[in-house]
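Residues 19 to 894 in this note's numbering are what the sequence shown spells out, letter by letter. Step one of this worksheet: look at the structure below.
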Amino acid sequence: MQPAYRSASRATDTVSSYFSSSVPPDSPPYRRGRSQARRGSEDAIESEYGGQSRYSPSIASSRPSTAYITGSTTTSRPTTPSRRSRSGATPSILGQSESHDVVCAVSEARSVAPTVGIATVNLSLGEVTLSQICDNQSYVKTIHKLQLASPSRIVFMPSACPPNDPSTFFTLVQRLIPEAEISSHDRSAWSETAGIDFIEHLAPEGDVGPIKVAIQGKYYAVCCFSAAMKYIDHQFSISFSPQSLRIRYQPSEDTMMIDISAMQSLEVMRNLKSAKSKECLFGLLNHTLTPMGSRVLRNNMLQPPTDFDGFIMTRYDALEEMVTNEEMFHEIRKALKLFHDVEKTLTKLVTIRNTTGVFAVEEQITHILMIKSFLESVPELYRALHPAKSDLLIKIRNLCRPETTVPILLGIRKVFEADVTYMKSPLDLRNQRAFAVKSGISGMLDVARQTYRELTEVIHAHSAEVSEDYRVSASLKFDNRRMYWFRIPTVDLDMESIPPEFINVIPKKNHIECQTLDLVKLNQRLLDTSNEIIMRSDAAIRDLVKELRRQVPPLFRVCESIALVDMISSFGQVTTTRDYVRPGIEDTLALKSARHPILDKKMASEYVPNDYYASQHHRFHCVTGCNMSGKSTYIRSVALLQIMAQIGCFVPAEFATFPVIHNIFARISAQDNIEANLSSFGVEMREMAFILKNIDNKSLAIIDELGRGTSVRDGMAIAMAISEALIDTGASIWFATHFVELARTLADYPGVLNLHLASDTSVGEGGVPQLTMLYNATAGIVNDEHHYGIALARAIGMPDSFLKFAENVADDLRKRRESSRQSSEYYKEMQRNKLVQNFQEALEEAQRSSNKEALPGYFKRLQDEFELRLNEINEM
Numbered sequence: 019m020q021p022a023y024r025s026a027s028r029a030t031d032t033v034s035s036y037f038s039s040s041v042p043p044d045s046p047p048y049r050r051g052r053s054q055a056r057r058g059s060e061d062a063i064e065s066e067y068g069g070q071s072r073y074s075p076s077i078a079s080s081r082p083s084t085a086y087i088t089g090s091t092t093t094s095r096p097t098t099p100s101r102r103s104r105s106g107a108t109p110s111i112l113g114q115s116e117s118h119d120v121v122c123a124v125s126e127a128r129s130v131a132p133t134v135g136i137a138t139v140n141l142s143l144g145e146v147t148l149s150q151i152c153d154n155q156s157y158v159k160t161i162h163k164l165q166l167a168s169p170s171r172i173v174f175m176p177s178a179c180p181p182n183d184p185s186t187f188f189t190l191v192q193r194l195i196p197e198a199e200i201s202s203h204d205r206s207a208w209s210e211t212a213g214i215d216f217i218e219h220l221a222p223e224g225d226v227g228p229i230k231v232a233i234q235g236k237y238y239a240v241c242c243f244s245a246a247m248k249y250i251d252h253q254f255s256i257s258f259s260p261q262s263l264r265i266r267y268q269p270s271e272d273t274m275m276i277d278i279s280a281m282q283s284l285e286v287m288r289n290l291k292s293a294k295s296k297e298c299l300f301g302l303l304n305h306t307l308t309p310m311g312s313r314v315l316r317n318n319m320l321q322p323p324t325d326f327d328g329f330i331m332t333r334y335d336a337l338e339e340m341v342t343n344e345e346m347f348h349e350i351r352k353a354l355k356l357f358h359d360v361e362k363t364l365t366k367l368v369t370i371r372n373t374t375g376v377f378a379v380e381e382q383i384t385h386i387l388m389i390k391s392f393l394e395s396v397p398e399l400y401r402a403l404h405p406a407k408s409d410l411l412i413k414i415r416n417l418c419r420p421e422t423t424v425p426i427l428l429g430i431r432k433v434f435e436a437d438v439t440y441m442k443s444p445l446d447l448r449n450q451r452a453f454a455v456k457s458g459i460s461g462m463l464d465v466a467r468q469t470y471r472e473l474t475e476v477i478h479a480h481s482a483e484v485s486e487d488y489r490v491s492a493s494l495k496f497d498n499r500r501m502y503w504f505r506i507p508t509v510d511l512d513m514e515s516i517p518p519e520f521i522n523v524i525p526k527k528n529h530i531e532c533q534t535l536d537l538v539k540l541n542q543r544l545l546d547t548s549n550e551i552i553m554r555s556d557a558a559i560r561d562l563v564k565e566l567r568r569q570v571p572p573l574f575r576v577c578e579s580i581a582l583v584d585m586i587s588s589f590g591q592v593t594t595t596r597d598y599v600r601p602g603i604e605d606t607l608a609l610k611s612a613r614h615p616i617l618d619k620k621m622a623s624e625y626v627p628n629d630y631y632a633s634q635h636h637r638f639h640c641v642t643g644c645n646m647s648g649k650s651t652y653i654r655s656v657a658l659l660q661i662m663a664q665i666g667c668f669v670p671a672e673f674a675t676f677p678v679i680h681n682i683f684a685r686i687s688a689q690d691n692i693e694a695n696l697s698s699f700g701v702e703m704r705e706m707a708f709i710l711k712n713i714d715n716k717s718l719a720i721i722d723e724l725g726r727g728t729s730v731r732d733g734m735a736i737a738m739a740i741s742e743a744l745i746d747t748g749a750s751i752w753f754a755t756h757f758v759e760l761a762r763t764l765a766d767y768p769g770v771l772n773l774h775l776a777s778d779t780s781v782g783e784g785g786v787p788q789l790t791m792l793y794n795a796t797a798g799i800v801n802d803e804h805h806y807g808i809a810l811a812r813a814i815g816m817p818d819s820f821l822k823f824a825e826n827v828a829d830d831l832r833k834r835r836e837s838s839r840q841s842s843e844y845y846k847e848m849q850r851n852k853l854v855q856n857f858q859e860a861l862e863e864a865q866r867s868s869n870k871e872a873l874p875g876y877f878k879r880l881q882d883e884f885e886l887r888l889n890e891i892n893e894m
């Protein structure tokens with residue numbers, strides 16, 4: 019198989035088409051004032067967030083009040099974690115597909131720059147994540163972290179909650195994460211010593227040392243872990259077996275922060291129009307074959323890694339090996355289809371609840387059957403990975419080696435029959451559980467199973483008698499609620515003449531469901547026998563369960579390895595079918611013939627690819643163009659491709675290099691918020707204030723049509739002020755606008771690159787101009803002399819009389835503007851300086867090129883372009 023991606027050398031010709039002139043800005047950059055040290059009142063919160071969650075755009079400020087649990091000492095103790103409906107805005111935006119029980123404990127050190135500790139315990143997956151965040155007064159990073167965790171409960175210290183004066187942080191969490199229940203726990207539970215004791219007791223022995231190194235100086239995170247574990251034990255009566263819990267410390271700076279609004283508007287996790295549609299980035303990349311792989315992909319897309327050497331490069335190498343070795347790739351995909359969601363099974367096995375009885379034992383037997391099936395499937399993946407040579411795939415193969423899994427499997431087979439396995443149908447699973455334990459271990463168990471067989475035979479004989487006596491075709495069915503019952507076609511039995519012997523009758527369209535009294539009695543005898551089998555099996559599996567709990571840590575590592583290789587194989591599936599290229603990670607963003615990943619799949623060959631270039635000298639990209647020319651698609655593409663590159667996936671382009679980005683922001687949608695009493699312009703200004711407060715030189719921002727929601731003069735002025743502030747941050751900005759004068763003014767600023775989406779104007783029948791969109795990004799500012807807005811109105815069908823008058827007005831305004839422009843030597847000198855600066859940067863890029871053969875031709879094109887542009891400046 020030919021590799022579907024193309025390895026390319028540095029695109030030395032990417033730079034040559036980008037030349038524009040600039041002068042330094044004369045006006046001071048826009049600055050946002052420091053927020054107050056403490057905002058305890060509702061009015062302060064309204065001012066900071068505009069009455070609505072910046073992070074969850076659809077959560078109104080007038081939401082119903084959050085249920086608040088006053089304290090663990092006065093709260094009733096439920097026996098299981100709450101299963102609240104996760105219908106809040108954030109989970110839907112983040113594409114939450116499965117409900118998890120997640121408890122978060124949070125604590126803050128109140129100061130000018132508050133430090134917040136977070137301990138997140140996922141009870142469904144047996145995972146603990148500790149973090150300590152140095153945040154600002156609006157707690158942006160902390161709120162974002164909590165929203166990504168999607169907690170079902172958030173635990174505070176009593177002093178931060180009512181009836182005491184609630185802290186600013188508490189008020190923000192209550193307002194911005196309304197789907198989570200908020201609780202408090204005793205002050206004594208927040209102990210660093212207890213937190214370290216929990217780590218030593220619950221973390222796998224080999225992980226305790228590294229975790230202790232990572233949490234040194236992280237006092238608040240460790241205290242939160244102590245509080246979370248004590249809260250879980252107190253509220254839910256749940257504990258964990260020793261050395262069985264996956265605990266890790268996650269620094270906030272090791273992952274990219276993608277603003278929740280950006281996730282929504284860029285359609286990262288879900289489609290804006292339909293939550294069920296797969297036309298989003300997650301839907302495009304999610305070809306995983308296991309639930310574990312899907313969760314890892316989701317977590318990586320929500321928080322892409324920023325460690326190039328530790329994560330991104332190793333994933334590139336593994337993915338490249340997969341797509342170039344067709345046989346290994348198909349064998350890996352084939353092996354992955356054998357795995358269940360054993361990650362949840364292992365968590366349930368190590369979770370100790372104060373419950374006993376038949377159901378608890380049945381659940382344990384089911385878990386062992388699933389683990390047995392999982393262990394029998396691992397060798398297939400190990401063999402599939404045998405040819406692997408990349409470091410990551412070799413590491414995964416070593417974790418799946420037989421020395422790890424076979425001893426555990428042999429231990430299970432000493433107690434369980436070798437041929438029993440996990441089955442999905444209720445009857446098959448019941449039978450597998452009944453005959454799971456080997457015969458000969460318990461004499462009474464063997465007698466009970468013989469009775470079970472005989473009763474099953476009697477039930478089938480009774481079914482045959484019913485069919486014969488009533489001359490019907492009665493098929494025997496089973497479910498966990500009714501156990502055995504009959505299904506009889508309506509053609510065999512008239513609904514009005516059902517024999518009185520048939521009870522519990524449920525009429526359906528083409529059949530009836532019923533039982534007989536004898537069948538009910540047999541079901542009861544069978545249930546009693548089954549329960550006896552289960553309880554006698556319990557004595558045989560107790561030691562096995564204890565042993566499996568001790569073996570859980572290496573099994574969790576195997577699960578994580580399977581999930582990771584599943585995610586990479588999912589990337590391989592997309593790469594081999596969509597013709598993607600391996601990107602490089604450098605300081606410069608350079609894309610040649612790049613495509614919007616979602617539209618590329620939808621439009622195939624019809625999509626027009628484009629080039630992108632961003633560096634420190636070209637960090638602000640002002641994109642102009644006609645209506646419907648593709649400006650929004652052009653700027654959105656770069657953000658989606660950046661996310662793909664940082665999670666380790668290849669990208670749709672001929673050549674690609676990316677810098678490592680730590681934050682992505684977006685201001686795209688233009689909708690008002692009636693609940694928050696904000697117009698579309700009010701929403702726009704609130705979100706831009708958020709971006710300006712948090713953006714830095716490691717950020718990427720997508721800004722679309724800023725300032726269009728108010729008057730032209732005010733919108734232009736605000737867009738100009740915000741643009742100056744964004745240029746000053748040093749971030750990579752992609753700014754689409756219809757303000758052509760804004761583009762002309764910014765052209766003189768350092769770091770600004772003007773682009774436009776090209777269009778072709780021709781004269782049609784009757785001398786009427788026609789506009790054709792080319793969807794091709796080109797250097798320079800759009801030519802507004804052709805009045806593209808009027809051309810679009812003509813295409814829609816506006817009357818010619820209106821359009822002619824509009825054209826006359828537009829021409830008159832343009833002539834006045836041109837006559838007022840003054841050409842000065844100073845202006846020309848600034849243009850020349852910027853041209854020379856761009857020429858120098860292009861030469862520096864060429865010096866770092868690995869394709870030396872292409873340099874002579876590239877230098878010739880560069881020289882011609884430079885001379886042409888210099889002549890244009892001199893002739894002004």
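Glycine included, C-beta positions come from ideal geometry on N, C-alpha and C. These numbers were taken from a predicted model, which means no experiment stands behind them.
- Message: To test your reading of the DSSP string, which unbroken beta strand (DSSP E) runs of 3 or more residues are found completely within the region 183-243?
- Response: 199-202
- Just the Cα atoms here: how many angstroms apart are Thr642 and Val854? 24 Å
- Query: If you draw a straight line from the C-alpha of Ser270 to the C-alpha of Leu164, how long is it?
  - Reply: 12 Å
- Whose C-alpha, out of Asp335, Arg333 and Met287, is nearest the C-alpha of Asn317? Met287
- Following the continuous alpha helix (DSSP H) through Leu537, name the residue where it begins and the one where it ends. Leu535 to Arg568
- Task: Would you be able to state if there are at least three C-beta pairs under 8 Å between the region 117-124 and the region 246-256?
- Result: Yes: the two stretches touch, three or more of their Cβ pairs being nearer than 8 Å.
- In the DSSP assignment, what are the bridge partners of Pro323? Thr273
- What does a CB cutoff of less than 7 Å around Lys619 pick up in its chain, not counting 5 residues either side in sequence? Leu302 and Arg596
- Same chain, Cβ closer than 6 Å to Leu427, five either side skipped, listed in chain order: Same-chain partners within the cutoff: Leu393.
- Which residues in the same chain as Pro169 place their Cβ atom closer than 8 Å to its Cβ, once the five residues preceding and following it in sequence are excluded? When the five nearest sequence neighbours on each side are left out, the beta carbons in the same chain lying within less than 8 Å of the beta carbon of Pro169 are those of Val120, Val121, Cys122, Thr138, Ile195 and Ala198, in order along the chain.
- Message: Going by DSSP in three states, Glu126 sits in which element: helix, strand or coil?
- Response: strand
- Task: Quick one: grab the DSSP three-state call for Leu148.
- Result: In the displayed model, Leu148 falls within a strand according to three-state DSSP.
- Query: Helix, strand or coil: which one does DSSP assign to Ala167?
  - Reply: helix
- Message: So for Cys418, helix, strand or coil by DSSP?
- Response: If DSSP states are grouped into helix, strand and coil, Cys418 belongs with coil.
- Between the beta-carbon of His639 and the beta-carbon of Glu859, is there less than 8 Å? no
- Check the C-beta distance from Glu435 over to Ala454 and give it rounded, since I have them as a contact under 8 Å. Contact between Glu435 and Ala454 holds: their C-beta atoms lie close to 6 Å from each other, under 8 Å.
- Message: Cutting at 8 Å between CB atoms, please list the residues of its own chain near Ile350, excluding the five before and the five after it.
- Response: Met340, Leu399, Ala402, Leu403, Val583 and Ser587
- Span of the alpha helix (DSSP H) around Met703: Its alpha helix (DSSP H) spans residues Ser698 to Asn712.
- Task: Indicate the three-state DSSP secondary structure (helix, strand or coil) for Glu531 in the structure shown.
- Result: Assignment of Glu531 by DSSP, reduced to helix, strand and coil, places it in the strand class.
- Query: In chain order, which continuous runs of the alpha helix (DSSP H) of length 4 or greater are located wholly inside the region 417-476?
  - Reply: 420-431 and 444-452
- Task: Quick one: give me the first and last residue of the beta strand (DSSP E) that Leu525 is part of.
- Result: Rather than Leu, the amino acid found at residue 525 in this sequence is Pro. Its beta strand (DSSP E) spans residues Phe520 to Pro525.
- Query: CA-CA distance, Asp882 and Glu890?
  - Reply: 12 Å
- Message: In this structure, how does DSSP classify His385 when only helix, strand and coil are distinguished?
- Response: helix
- If we call anything under 8 Å between Cβ atoms a contact, is Val678 one with Ile603? yes
- Can the beta-carbon of Phe823 be found less than 8 Å from the beta-carbon of Phe857? no
- Taking the alpha-carbon positions, what's the Ile551 to Ala466 distance? 6 Å
- Message: At the level of alpha carbons, what is the spacing between Leu659 and Leu284?
- Response: 11 Å
- Query: Between Leu141, Cys152, Thr186 and Ser185, which lies nearest to Ala167 when the distance is taken from Cα to Cα?
  - Reply: Nearest to Ala167 by alpha-carbon distance, out of Leu141, Cys152, Thr186 and Ser185, is Leu141.
- Query: CB Asn681 to CB Ala795, shorter than 8 Å?
  - Reply: Taking a C-beta distance under 8 Å as the contact criterion, Asn681 and Ala795 do not qualify as a contact pair.
- Task: List the whole-angstrom C-beta distance separating Tyr440 from Ser395, where the pair is believed to meet the contact cut-off of C-beta under 8 Å.
- Result: Not a contact, Cβ separation roughly 11 Å.
- Which whole-angstrom value is the C-beta distance of Ile799 and Asn772, which I expect to be below 8 Å? 5 Å
- Message: If the criterion is Cβ atoms closer than 8 Å, does the pair Thr147 and Arg266 meet it?
- Response: yes
- For Gly895: DSSP bridge partner residues: With the chain covering only 19 through 894, there is no way to say anything about residue 895.
- Message: To the nearest angstrom, how far is the alpha carbon of Val592 from that of His305?
- Response: Each residue's CA atom was taken as its position, placing Val592 and His305 some 8 Å apart.
- Message: With a threshold of 7 Å (Cβ to nearest heavy atom), would Met621 be considered close to the ligand NAP?
- Response: As far as ligands go, the structure on display features none, and thus does not contain the ligand NAP.
- Task: Apply the 10 Å Cβ neighbour rule to Gly106 and answer buried if 16 or more other Cβ atoms are within range, or exposed otherwise.
- Result: Only weak support exists for where Gly106 lies, its pLDDT of 42 falling under 50; the value from the coordinates is given anyway. Gly106 comes out buried.
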